[in-house]
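Listed in order, the protein sequences are those of chains A and B.
Take 8 as the starting number for the first sequence in our numbering and just add one per residue.
Take 222 as the starting number for the second sequence in our numbering and just add one per residue.
Even for Gly, the Cβ is constructed at its ideal location relative to N, Cα and C.
Read through the structure below, which is laid out as C-alpha cells, and then see the notes.
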Amino acid sequence: MKYNSHNKSNYYLKKALTIFILLIFTVIVLYPMYWVVISSLKTNNEFLSAPLGFPNKLMFENYLSAWNKGFSRYFFNSILINIVSVVLTVSIGAACAYSLARFNFKGKTIIFYLILAGLLLSPQVAVLPLFKLLVRLRLYNTYWALILPYVGFNLPFSIFLMRSYFLSIPREIEESAYIDGCNTFTTFIKIILPISKPIIASAAIVTSRFFWNEFLFALIFIEDSSKYTIPIGLSHFRDSLSTDYTTMLAGITIAALPMIILFLVMQKQFIKGLTAGSVKG
Amino acid sequence: MYKKNITPYLFIIPALLFILIFVYIPIVENFYFSFYRMNSYAPGKTFLGLDNYIDIFQNEIFYTAIINNTWYAVISLIFQVGLGLILAITLESKLLGKERKFFRTVYFLPSVIAIAAVGLMFYYIYNPNLGLLNAIINLFTESNFNYAWLGKPNTAIFAVIAMSQWQFTGYIMILLIVAIQKIPEELYEVAEIEGATSIQKAIYVTIPQIKEMILVTSVITVIGAFKLFTEIFVTTRGGPYDTTQVLGTFMYKTAFFYDKMGYAAAIAVIIFFITFTTSVIQIRLANRGED
C-alpha cells in the first residue's frame, strides 16, 4: 500500500478526531463514577456547598460509618448467599449437563427442551406463587428463600453453557478412564471437572453477577433487615440516611466495587460467559 | 457409551427438581392465580374468570406502564444497539491500535455494577440542589438551575431511561464486538482491493456479517425493557403520580401495596406473553445464525 504525505496526515487527522470523540464518551462514562467516589470522601457540608469541589481532607470515615451502619451485615449476607447459590448452581448444573452431553436415555430430548425453555422464563412471572410457596414451606425470610429460587432460575443457563463445552471434549479421554477402572461418577469428578475449569469459571461468574444484582426476589422474600442483601440494604439506606449523603455514597461505592474488581481481574471469562448467555440484568 | 442403567437420571434429577419446583410450577400457578381474587396471607380465594384481565385493560396505570416500557425499548434500541454498533465498529476499525482495549474496558464497566447501585448513583446525580447534572449545567451557564429530573412527570421516565443507556450501551457493544471479531479477514481485504472506504466497509461487510447478532441484541434489549423493575424501583418507585410505572412496578404495587394477588398475577401473565414471545423470536434468530 502506498501512502503519500497527504494520505498520511489525513489518516492522523481521522485518528485524532476518532480518539477525541471516544474520549468524550470516556468522560461521560467515568465522570459520574468519579463524582460518586470523590463525593463519598467529603464531609456532608462540603458535599452540600460545592457538589463539584474536591474534599479538603479525604474522609475515609464515611466508609467506616457505612460499614458499621449495616453494610457489614449486608455484605456478609450477599457473599454467603452468593457462594451457596453459585456452588449449588454449578455443581448440580454440571452433573445435569454432563448427563445430557454424554448419555442416551429415555426422555432425554424432552428434558433437554424443558431445561432450554427455562431460559425464556422471567422471574417476575413466578414471583407471586413463589412468595406463597416460601411462606407455606416456612422458608420466607430465610437465606433459603433466595438461594433456592436463584438456583432454579440460573440452572438452565449454566446447564446450557456447560453442556456445549462437555460436547466438545473428546470421548477418548473418558474411555481410557473407564479402562482404568473409574465409574461414571469418578470419571466425572476426576477427569471431566478438572479439564472444564474455564467454562465452570464462566458459569460461576455470570451466575454470581446475577445473584449479586438480584433485586426483586430479595425485596419480596426477605423481611428482616439483618438478612438484607446489598442491593436491598442500599435502597433502604437511602430512606434511613436521608441527609447523610456522603455515607450513602460510600455505601454505593462499597456495593459497586466487588464486581468491578472481579471484572477487571477476570475479563476474559467474564466476557466469554456473558456472550455465551446473551442475557441481561 | 450407551447406558441403560439409572446413572444418567441420577445426574439429572437434582437439576430437574429445582427447575420444576422453583420455575415451572410457580409459573403455571401464576396463570391459575390470575383467575382469582386472593390476598398474600389470607388463605381463601374467589373465582373471577377473566375479571382481573378486564380490570387491567380498564386501568389507566396499565397504559402508562405499557407506554413507559415501550419508550424504554425504543430508546434503548437507538442507544444500546444503534450507538453500541457504531462504537463497536469504530473500536474494531484499523484506525485504532492498542488504545481500543482501554475504551472497550471503560465502556463496559458500568454494566458490571449492580443496577440498584447505579439507580441510587443517579438518584443523587439527578438531585435538584446537590446533584452532578444540575451542578454541571450551572457551571456552564452560570445560572442557578435546580430542576428535579426525577420529580417532574414530564422528564422522570426519560431520566431513568437515560441512566440505563449510560449503563448498558457498552454491554451491547461488547456483544457486537465479539461478533465482529469472528468476521473472516479476507472479506475486508477484498473490499480494500476494490477501494472501499471505512464507512463502505462497515455498511457492506461488517453489518451484513453480524446481522444475526444485531437482531439478537435487539431482542435482548426489548425483553430487558419489558422486564424492567429495579431501575424504576430504586429511583422513582413509579412516581411522581404513577407517571413512571412500568409493568413490573405496577405488578409489585398491586400485589404488595394493595394486596391484590390475583390481579397482580394477571399483570405477570401479560409480562409473560410479551417477554416469552420476544424470547422465542430470539431463539429462532439465534438458531438461524448457527446453521
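How would you write the range of the beta strand (DSSP E) that F268(B) sits in, first residue to last?
As a position in the second sequence, residue 268(B) is number 47, starting the count at 1. Element bounds for F268(B): K266 to F268.
How long is the line joining the alpha carbons of F27(A) and K319(B), rounded to whole angstroms?
Here residue 27(A) corresponds to residue number 20 of the first sequence, with the count starting at 1. Here residue 319(B) corresponds to residue number 98 of the second sequence, with the count starting at 1. For F27(A) and K319(B), the distance between alpha carbons rounds to 15 Å.
Using the C-alpha atoms, what's the distance from A23(A) back to T250(A)?
Your numbering for residue 250(A) matches position 243 in the first sequence. Your numbering for residue 23(A) matches position 16 in the first sequence. Spanning the two alpha carbons is a distance of roughly 45 Å.
I think A152(A) touches F228(A), with their Cβ atoms under 8 Å apart; what is that distance to the nearest whole Å?
Taking the first residue of the first sequence as position 1, residue 152(A) is located at position 145. Taking the first residue of the first sequence as position 1, residue 228(A) is located at position 221. The Cβ separation is near 4 Å, so the contact holds.
Residues in the same chain with beta-carbon distance under 7 Å from I180(A), minus the five sequence neighbours each way, listed in chain order, please.
As a position in the first sequence, residue 180(A) is number 173, starting the count at 1. Exclusion of the five residues before and after I180(A) leaves I198 as the residues of its chain whose Cβ lies within less than 7 Å of its Cβ.
6 Å CB neighbourhood of L220(A) in its chain, flanking five on each side removed:
As a working mapping, residue 220(A) is identified with position 213 in the first sequence. One detail in the question is off: residue 220(A) reads as Asn in this sequence, not Leu. Nothing meets the Cβ criterion.
Please list, in chain order, the chain A residues whose beta carbon lies closer than 9 Å to that of M472(B).
As a first step, residue 472(B) is located in the second sequence; it is residue number 251 there, counting from the start. In chain order: Q131, V134 and L135.
Does the Cβ-Cβ distance between P130(A) and L241(A) come in under 8 Å?
For the purposes of this step, residue 130(A) is taken as residue 123 along the first sequence, with counting starting at 1. For the purposes of this step, residue 241(A) is taken as residue 234 along the first sequence, with counting starting at 1. In this structure, L241(A) does not lie closer than 8 Å to P130(A) by Cβ.
Just the C-alpha distance for E407(B) and I310(B), rounded to the nearest angstrom, thanks.
Locating residue 407(B) in the second sequence gives position 186, counting from the first residue. Locating residue 310(B) in the second sequence gives position 89, counting from the first residue. The straight-line gap from Cα to Cα measures roughly 17 Å.
Exposed or buried, what is R216(A) when buried is set at 16 or more other beta-carbons lying within 10 Å of its beta-carbon?
One-based indexing of the first sequence puts residue 216(A) at position 209. Buried is the call here.
Out of K49(A), I88(A) and I196(A), point me to the one whose CA is closest to F232(B)'s CA.
Counting from 1 along the second sequence, the entry for residue 232(B) is found at position 11. Of the listed residues, the one whose Cα sits closest to F232(B) is I196(A).
Within 8 Å of any Cβ in chain B, is that where the Cβ of K9(A) sits?
Residue 9(A) sits at position 2 when you count from the first residue of the first sequence. Bear in mind that a pLDDT of 49 at K9(A), under 50, signals an unreliable position, so the number given afterwards is only what the model happens to contain. No, no contact with chain B.
Assign L241(B) to one of three DSSP states: helix, strand, or coil.
Position 20 of the second sequence, counting from 1, holds the residue named residue 241(B). The three-state reading of DSSP puts L241(B) in helix, counting H, G and I together.
Just to confirm, is the Cβ distance from A262(A) to I278(A) under 8 Å?
For this step, residue 262(A) is matched to residue 255 along the first sequence. For this step, residue 278(A) is matched to residue 271 along the first sequence. Their beta carbons are not under 8 Å apart, which means A262(A) does not touch I278(A) by this criterion.
Unbroken alpha helix (DSSP H) run spanning Y257(B), endpoints
Here residue 257(B) refers to the residue found at position 36 when the second sequence is read from its first residue. Counting along the chain, Y257(B) falls outside any alpha helix (DSSP H), though it belongs to the beta strand (DSSP E) covering Y257 to M259.
Three-state secondary structure (DSSP) at P156(A)?
Locating residue 156(A) in the first sequence gives position 149, counting from the first residue. Looking at P156(A) - three-state DSSP - the assignment turns out to be helix.
Return the CA-CA distance between L294(B) and Y425(B), expressed in angstroms with no decimal places.
Counting from one through the second sequence, the residue named residue 294(B) turns up at place 73. Counting from one through the second sequence, the residue named residue 425(B) turns up at place 204. Sequence check: residue 294(B) is Ala here, not Leu. Rounded to the nearest angstrom, the two C-alpha atoms are 27 Å apart.
In chain B, which residues lie with their C-beta within 8 Å of the C-beta of G188(A)?
The residue given as residue 188(A) occupies position 181 in the first sequence. In chain order: nothing, as chain B lies at least about 16 Å away.
Secondary structure of S419(B), DSSP reduced to three states:
Residue numbering aside, residue 419(B) sits at position 198 when the second sequence is read from its first letter. S419(B) falls in the helix class under three-state DSSP.
Apply the 10 Å Cβ neighbour rule to M8(A) and answer buried if 16 or more other Cβ atoms are within range, or exposed otherwise.
Here residue 8(A) refers to the residue found at position 1 of the first sequence. Only weak support is given to the placement of M8(A): the predicted model assigns it a pLDDT of 47, under 50, and the value that follows is read from those uncertain coordinates. Per the 10 Å Cβ criterion, exposed.
Boundaries of the alpha helix (DSSP H) in which I393(B) is found, first to last residue:
Walking along the second sequence from the start, residue 393(B) turns up at place 172. Residues A377 to I401.
Do I154(A) and I88(A) have their C-beta atoms within less than 8 Å of each other?
Against the first sequence, residue 154(A) aligns to sequence position 147. Against the first sequence, residue 88(A) aligns to sequence position 81. Yes, they are a contact pair.
Nearest-angstrom Cα distance between Y172(A) and P205(A)?
Locating residue 172(A) in the first sequence gives position 165, where the first residue counts as 1. Locating residue 205(A) in the first sequence gives position 198, where the first residue counts as 1. Rounded to whole angstroms, Y172(A) to P205(A) spans 10 Å at the Cα level.
Can you tell me whether DSSP reads W74(A) as helix, strand or coil?
What you label residue 74(A) is simply residue 67 of the first sequence in a count that begins at 1. Three-state DSSP puts W74(A) in a helix.
For N14(A), count neighbouring C-beta atoms within 10 Å of its own C-beta (all shown protein chains included) and say buried if the count is 16 or more, exposed if not.
Along the first sequence, read from residue 1 onward, the residue named residue 14(A) stands at position 7. By the neighbour-count rule (16 or more Cβ atoms within 10 Å), N14(A) is not buried but exposed.
Under a three-way DSSP split, which group does L271(A) fall into?
The sequence position of residue 271(A) within the first sequence is 264, counting from 1. Three-state DSSP puts L271(A) in a helix.
Residue of L29(A), L174(A), I186(A) and Y252(A) minimising C-alpha distance to A314(B)
As a position in the second sequence, residue 314(B) is number 93, starting the count at 1. Note on residue identity: the sequence assigns Ser, not Ala, to residue 314(B). Cα-wise, what sits closest to S314(B) is L29(A).
At least one CB of chain B closer than 8 Å to the CB of T25(A): is that the case?
In the first sequence, counting from the first residue as 1, residue 25(A) sits at position 18. For T25(A), the answer is yes, since a Cβ of chain B falls inside 8 Å of its Cβ.
Give, in chain order, every unbroken run of the alpha helix (DSSP H) that is at least 4 residues long and sits entirely within the segment 214-279 of chain A.
As far as the segment 214-279 of chain A is concerned, its whole alpha helix (DSSP H) runs of at least 4 residues are 223-228, 237-247 and 252-272.
Selection of the segment 273-307 of chain B by Cβ proximity to chain A, strictly under 7 Å:
The residues in question: there are none.
Rounded C-alpha distance that separates F289(A) from D272(B)
The question about residue 289(A) has no answer here: the residues shown for chain A are numbered 8 through 288.
Assess, as a yes-or-no matter, whether the segment 445-458 of chain B is touched by the segment 487-496 of chain B under the definition of 3 or more beta carbon pairs within less than 8 Å.
yes
Looking only at its own chain, which residues have a Cβ that is under 6 Å from the Cβ of F329(B), when we skip the five neighbours before and after it?
Against the second sequence, residue 329(B) aligns to sequence position 108. Excluding positions up to five away in sequence, the list reads G391 and I395.
Could you check whether the Cβ of P331(B) sits closer than 8 Å to any Cβ belonging to chain A?
Taking the first residue of the second sequence as 1, we reach residue 331(B) at position 110. Yes, contact with chain A.
Is the number of C-beta pairs between the segment 365-373 of chain B and the segment 396-415 of chain B that are closer than 8 Å three or more?
Taking a contact to require three or more Cβ pairs closer than 8 Å, the segment 365-373 of chain B and the segment 396-415 of chain B do not qualify as touching.
Three or more C-beta pairs below 8 Å linking the segment 329-345 of chain B and the segment 452-460 of chain B:
Taking a contact to require three or more Cβ pairs closer than 8 Å, the segment 329-345 of chain B and the segment 452-460 of chain B qualify as touching.
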